[in-house]
Amino acid sequence: MDDLQDERPKAVERSKTDDGSKTSEIVDKTESPKKARPRSLTFTRSKESLPTRKAGPVTHSRTKSSDDPSGSAAQVFSFVNRVPKPAAPEDYISYLHKVQKPQLIEVARIQKLRQLLRNEAVSWVDAFITQGGMAAVVNLLYRIIEVEWREEHEDTLLHETLLCLKALCTTSLALQELPNIHSTLFPTLLGMLFDKEKKGPSEFSTRSIIISLLFTYLSTSTPADLTARARVLLSYLRDPSKPEEAQPPGFIASIYHPRPYRIWCNEIVSVTKEVFWIFLHHTNIVPFPFPAAAAAPPATESYRSRNFPRERAPVPAAPYIGGVEWDATNYLAAHLDLLNGIVASLPRREDRNALRREFKDSGFEKCMGASLRTCKEKFYGAVHAGLMTWVGAAGEDGWEVGFVREGPGRGGVVSPRKGKGMGEEEGGALRLDLPMPMPMPKLDFGDGDGIGGGGGGGVDDGDWL
């Protein structure tokens, strides 16, 4: 038994002081008789092989690299270098001059230009304009319009280019440049919009940008130039005159009632036909913009300040926002704003009422009272805001607004009168003194008295009929 106890491995308990604290460990002094499995360095390394640390005060300080200000500055500098710098204005200008075909222009690049024009500083936009960027955008617009058959790429490019032009018009430098190019720009855009072959943009949002550019040209005018700009826009919106060889004779022209803005009105009417299902509230009544508008309008503001269309507040998110109906009504509201702005820009009441007479003859009031009035005010408030502005301004000038406010027959749908039947008088009573109709001849084929019955003294013909 003693021999067995001697063969057991002996262990020696040793105390070791490290960092001022006492620890005890068991050290194996014998080796196993069998060959031990090779162990990794992690398990075979003992504390004896580790260098002893000198006892000292414990400090909770950062490493030297983290305390070095030059190291953190280098990290910040490297991060700043990784942030892409915005492109210079001349990069986009050179690209627009280099690529002439609209089919080869990248839509994503024009979208990026539009974002820069909207979000960059005014100095960036001014540098873009002074270096010829606005002229390059307008020339690109002309090249897109000249494409005979536009595909989806060209339609998207047209939309983004118009947005770039609209973004440029938010700066004073572009507004100073706009009067120099409107004589070519606006007739070209309206010619595309009112094209007989329907080659204009198909999206309502793209069409709205064109009308908003015209309204921007009017609304940013000085009071001295306001009337002149309104008459310039009317000359662009008026129907083009026929050539001299196509003019009717004098006696026919004398009895013809002119409708000078028929094409403009037809553009609005065609939109109401495309989204006809929203115009079904026939009992709507357009209110005056302020109480007793026609009787006692406020005297604190001028006529233009009271009746010129104001900027509308943004509409919060709602389920009915978006879609073809929303875009169509916003497009109609843009036309109403332009219409009301032009009327309010004329200084004299006689001129305004004469223009209203031309609009009525062209069909605008019929479209307002019969169609636009009947859309839901809660969902399409922009249209009703335009109608309210029209009613308030016209009522203040003494113009009749009953049809636009209430529609035909106060919104009642009247069925067509039926034709009078035979024997019915004007009052609806049936007349009894009419001659009776003549009786039809009797044809008898069985007893021989009529046609085919023998008729020859009772001779039997074998009933051949």
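Heads up: the sequence shown begins at 1 in full-length UniProt numbering, then just goes up one per residue. Backbone N, C-alpha and C fix where the C-beta goes; we use that ideal spot for every residue, glycine too. These numbers come from a predicted model, not from an experiment.
For this session: Would you check if the distance between the CB atom of Asn340 and the CB atom of Gly386 is smaller than 8 Å?
Result: For the purposes of this step, residue 340 is identified with residue 340 of the sequence shown, where counting begins at 1. For the purposes of this step, residue 386 is identified with residue 386 of the sequence shown, where counting begins at 1. Closer than 8 Å, so yes.
Exercise. Does DSSP put Gly341 in a helix, in a strand, or in coil?
Worked result: As a first step, residue 341 is located in the sequence shown; it is residue number 341 there, counting from the start. Residue state, collapsed to three classes: helix.
Exercise. Where does the unbroken alpha helix (DSSP H) through Pro258 begin, and where does it stop?
Worked result: Walking along the sequence shown from the start, residue 258 turns up at place 258. Here Pro258 belongs to no alpha helix (DSSP H), and DSSP marks it neither H nor E.
For this session: With DSSP as the reference, label Gly412 as helix, strand or coil.
Result: Here the question's residue 412 lines up with position 412 in the sequence shown. Low per-residue confidence applies at Gly412: pLDDT is 43, beneath 50, and the placement is therefore not dependable, though the value from the model is reported in the following sentence. In the three-state scheme derived from DSSP, where H, G and I count as helix and E and B as strand, Gly412 is classed as coil.
For this session: Would you give the residue range spanned by the alpha helix (DSSP H) that Thr374 belongs to?
Result: Taking the first residue of the sequence shown as 1, we reach residue 374 at position 374. Element bounds for Thr374: n/a, residue is neither H nor E.
Exercise. Apart from the five residues just before and just after Ile263, which ones in its own chain have a Cβ nearer than 7 Å to its Cβ?
Worked result: By 1-based counting over the sequence shown, the position of residue 263 is 263. Only Phe194 and Asp239 meet the Cβ criterion.
Problem set entry | Rounded C-alpha distance that separates Pro309 from Asp337 | As a working note, residue 309 is residue 309 in the sequence shown. As a working note, residue 337 is residue 337 in the sequence shown. Pro309 and Asp337: Cα-Cα distance of roughly 6 Å.
For this session: Note down the Cα distance separating Arg109 from Thr374, rounded to an integer number of angstroms.
Result: Here residue 109 refers to the residue found at position 109 when the sequence shown is read from its first residue. Here residue 374 refers to the residue found at position 374 when the sequence shown is read from its first residue. Answer to the nearest angstrom: the Cα atoms are 42 Å apart.
For this session: Quick one: grab the DSSP three-state call for Glu121.
Result: Here residue 121 refers to the residue found at position 121 when the sequence shown is read from its first residue. Rather than Glu, the amino acid found at residue 121 in this sequence is Ala. The answer is coil: DSSP assigns Ala121 none of H, G, I, E or B.
For this session: To the nearest angstrom, report how far apart Arg357 and Ala127 are at their CA atoms.
Result: Translated into the one-based positions of the sequence shown, residue 357 becomes position 357. Translated into the one-based positions of the sequence shown, residue 127 becomes position 127. Straight-line Cα distance between these residues: approximately 46 Å.
Problem set entry | Where Val99 sits in the DSSP three-state scheme | Counting from 1 along the sequence shown, the entry for residue 99 is found at position 99. Three-state result, Val99: coil.
Exercise. Do the segment 149–160 and the segment 117–132 meet, that is, are 3 or more Cβ pairs less than 8 Å apart?
Worked result: Contact fails: fewer than three Cβ-Cβ distances are below 8 Å.
For this session: Report the rounded CA-to-CA distance for Tyr142 versus Gln176, giving the unit in angstroms.
Result: Numbered from its first residue, the sequence shown carries residue 142 at position 142. Numbered from its first residue, the sequence shown carries residue 176 at position 176. One C-alpha to the other measures close to 21 Å.
Problem set entry | Coarse secondary structure for His282, derived from DSSP in three states | In the sequence shown, the residue the question calls residue 282 occupies position 282. Three-state DSSP puts His282 in coil, outside helix and strand.
Exercise. In terms of residues, what are the limits of the alpha helix (DSSP H) holding Ile145?
Worked result: Taking the sequence shown and counting its residues from 1, one reaches residue 145 at position 145. From DSSP, the alpha helix (DSSP H) with Ile145 extends over Gly133 to Ile145.
Problem set entry | Nearest-angstrom Cα separation, counted from Leu113 out to Glu120 | Locating residue 120 in the sequence shown gives position 120, counting from the first residue. Locating residue 113 in the sequence shown gives position 113, counting from the first residue. So the two alpha carbons sit approximately 10 Å from each other.
Exercise. Which of the three DSSP states, helix, strand or coil, is assigned to Tyr380?
Worked result: Position 380 of the sequence shown holds residue 380. Coil at Tyr380, not helix or strand.
For this session: Answer with buried or exposed for Ala313, where buried requires no fewer than 16 other C-beta atoms within 10 angstroms of its C-beta.
Result: If you number the sequence shown from 1, residue 313 lands on position 313. Classification for Ala313: exposed.
Exercise. Is the segment 277–287 in contact with the segment 402–409, if contact means three or more CB pairs nearer than 8 Å?
Worked result: yes
Problem set entry | Contact the segment 376–383 vs the segment 315–330: 3+ CB pairs below 8 Å | yes
Exercise. Looking at C-alpha atoms only, which residue of Lys101, Tyr236 and Ala393 is the closest neighbour of Thr184?
Worked result: In the sequence shown, the residue the question calls residue 184 occupies position 184. Residue Tyr236 is the option with its Cα nearest to Thr184.
Exercise. On the three-state DSSP scale, how would you describe Cys367?
Worked result: Looking up residue 367 in the sequence shown gives position 367. Three-state DSSP puts Cys367 in a helix.
Exercise. Which full runs of the alpha helix (DSSP H) of 4+ residues lie inside the segment 166–227, going along the chain?
Worked result: 172–193 and 204–219, all fully within the segment 166–227.
Problem set entry | Coarse secondary structure for Ile268, derived from DSSP in three states | Taking the first residue of the sequence shown as 1, we reach residue 268 at position 268. Helix.
For this session: Assuming Leu218 and Ala230 form a contact by the criterion Cβ under 8 Å, report the distance between their Cβ atoms to the nearest whole angstrom.
Result: The residue given as residue 218 occupies position 218 in the sequence shown. The residue given as residue 230 occupies position 230 in the sequence shown. So it is a contact: roughly 6 Å between Cβ atoms.
Exercise. Lys242 by DSSP, collapsed to three states: which one?
Worked result: On the sequence shown, residue 242 is found 242 positions in, with the first residue counted as 1. Here Lys242 sits in coil by DSSP.
Problem set entry | Where the alpha helix (DSSP H) through Glu406 begins and ends | As a first step, residue 406 must be located in the sequence shown, where it is residue number 406. Residues Gly402 to Glu406.
Problem set entry | Proximal residues to Met388 (C-beta, below 8 Å), its chain only, five neighbours per side dropped | What you label residue 388 is simply residue 388 of the sequence shown in a count that begins at 1. Val286, Pro287, Phe288 and Pro289, listed in sequence order.
Exercise. How about Lys242 and Ile209: are their beta carbons less than 8 Å apart?
Worked result: As a first step, residue 242 must be located in the sequence shown, where it is residue number 242. As a first step, residue 209 must be located in the sequence shown, where it is residue number 209. No.
Exercise. Taking the alpha helix (DSSP H) that Leu355 falls in, what are its first and last residues?
Worked result: Here the question's residue 355 lines up with position 355 in the sequence shown. Where Leu355 is concerned, the enclosing alpha helix (DSSP H) stretches over Arg349 to Ser362.
Problem set entry | Alpha-carbon to alpha-carbon, Ala246 and Ile252 | As a position in the sequence shown, residue 252 is number 252, starting the count at 1. As a position in the sequence shown, residue 246 is number 246, starting the count at 1. Going by the C-alpha atoms only, they are around 13 Å apart.
Exercise. Can you check whether the CB of Arg259 is closer than 8 Å to the CB of Ser362?
Worked result: As a first step, residue 362 is located in the sequence shown; it is residue number 362 there, counting from the start. As a first step, residue 259 is located in the sequence shown; it is residue number 259 there, counting from the start. Taking 8 Å as the Cβ cut-off, Ser362 and Arg259 qualify as a contacting pair.
For this session: Sort Leu163, Thr161, Ala224 and His384 by Cα distance to Ala333 and report the nearest one.
Result: In the sequence shown, residue 333 corresponds to position 333, counting from 1. Sorting Leu163, Thr161, Ala224 and His384 by C-alpha distance to the C-alpha of Ala333 places His384 at the top.
Problem set entry | Coil, strand or helix - Pro289 by DSSP | Sequence index remark: in the sequence shown, residue 289 carries index 289 (1-based). Residue state for Pro289 is assigned as coil, using DSSP reduced to three classes.
For this session: Taking the CB atoms as reference points, tell me whether Ser371 and Phe279 lie closer together than 8 Å.
Result: What you label residue 371 is simply residue 371 of the sequence shown in a count that begins at 1. What you label residue 279 is simply residue 279 of the sequence shown in a count that begins at 1. Judged by beta-carbon spacing, Phe279 lies within the 8 Å limit of Ser371, meaning their Cβ atoms are closer than that value.
Problem set entry | Straight-line Cα distance separating Ser270 from His97 | In the sequence shown, the residue the question calls residue 97 occupies position 97. In the sequence shown, the residue the question calls residue 270 occupies position 270. Approximately 38 Å between the Cα atoms of the pair.
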